[in-house]
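Encoded as structure tokens, the structure appears first; notes follow it.
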Amino acid sequence: MTRRKLKKIDKFAQALINQRGCSISPGEYEYVSVGATLIREHLKTFFDGTGVNPPELKTVKNWFYSDCPDWAIAVLTRALISQNQETPQ
């Protein structure tokens, strides 16, 4: 069994997983499922009230195996930066 190559989206998935206090790493069972679910939650929040539906969960899961669109990386970057600014240090 070959390991999949890490994609841009893995950086965001790992950050979101760590924020939840989980210790799942790339290559472990359920990593893609958990990461995709958390990423989709952020995309859903971003699209709320716009009339646009976020991508389906299976689409987000596919981004872990093929390229993720640049717009999704931009949305996730914005979400993580906003969270870091709101968190007292």
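In terms of the numbering used here, the sequence shown is residues 1056 to 1144. A virtual CB, placed ideally from N, CA and C, is assigned to each residue, including glycine.
Taking the alpha carbon of residue i as the point to measure from, which residue in the options has its own alpha carbon closest?
i: R1059; options: Y1086, N1108, G1082, L1112; result: G1082
i: T1092; options: G1104, N1117, T1132; result: N1117
i: E1096; options: L1071, K1062, F1119, K1066; result: L1071
i: Y1086; options: T1114, T1100, Q1069; result: Q1069
i: A1129; options: S1088, F1101, V1089; result: F1101
i: P1109; options: N1073, I1094, S1088; result: I1094
Counting C-beta neighbours from all protein chains within 10 Å, is the total for residue i 16 or more, i.e. buried, or is it exposed?
i: G1106; result: exposed
i: A1127; result: buried
i: G1104; result: exposed
i: L1098; result: buried
i: P1124; result: exposed
i: I1064; result: buried
What runs of the alpha helix (DSSP H), each 4 residues or longer, lie entirely inside the stretch 1086 to 1122?
1086 to 1102, 1112 to 1117
Stretch pair the stretch 1076 to 1087 + the stretch 1127 to 1139: three plus CB contacts closer than 8 Å:
no
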